Amino acid sequence: MACCRDLRIRAREIGDEEELEEQEDKRARWLWENSLRRHNFVGFVGELLKAVVAGKLDKGDKEYEAWVEEAKEVEEVSKFDNHDNHEYHFVR
Numbered sequence: 017m018a019c020c021r022d023l024r025i026r027a028r029e030i031g032d033e034e035e036l037e038e039q040e041d042k043r044a045r046w047l048w049e050n051s052l053r054r055h056n057f058v059g060f061v062g063e064l065l066k067a068v069v070a071g072k073l074d075k076g077d078k079e080y081e082a083w084v085e086e087a088k089e090v091e092e093v094s095k096f097d098n099h100d101n102h103e104y105h106f107v108r
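Under the numbering used here, the first residue of the sequence shown carries the number 17, and numbering increases by one thereafter.
1) I'd like to know whether the C-beta atoms of L36 and R21 end up nearer to each other than 8 Å.
2) Indicate the three-state DSSP secondary structure (helix, strand or coil) for G59 in the structure shown.
3) Determine the DSSP secondary structure at R54, reduced to helix, strand or coil.
4) D14 to V58, Cα distance in whole Å?
5) Measure the C-alpha to C-alpha separation of R53 and A44 and round it to an integer number of angstroms.
Spelled out as structure tokens, the structure:
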């Protein structure tokens, strides 16, 4: 890790409010990302996925198959969309 002067200090010294806000936002994102790294969400996500699939199966095989087919269609369409666009496609 490189050691350098805190850019927030420099921004305060020169009175650059925009840079200061940007640096504060960056630090907040770092805190959030680091908190996510401290936890292992694999088990949680697995259980959540099982619950969602079980809920769909409880509605019947036709409902489940329609859900899977809709997801396949959304995935197929998203392959041809703008690859730089990182929007999420939600399936009902």
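Glycine is no exception: its CB is placed at the ideal position from the N, C-alpha and C atoms. The structure displayed is predicted, hence computed values, not measured ones.
Let's see:
1) On the sequence shown, residue 36 is found 20 positions in, with the first residue counted as 1. On the sequence shown, residue 21 is found 5 positions in, with the first residue counted as 1. Going by C-beta atoms, L36 is not nearer than 8 Å to R21.
2) In the sequence shown, the residue the question calls residue 59 occupies position 43. Three-state result, G59: helix.
3) Along the sequence shown, one-based indexing puts residue 54 at 38. Correct three-state label for R54: coil.
4) There is no way to answer for residue 14, as the model of the chain reaches only from 17 to 108.
5) For the purposes of this step, residue 53 is taken as residue 37 along the sequence shown, with counting starting at 1. For the purposes of this step, residue 44 is taken as residue 28 along the sequence shown, with counting starting at 1. Roughly 14 Å separates the two Cα atoms.
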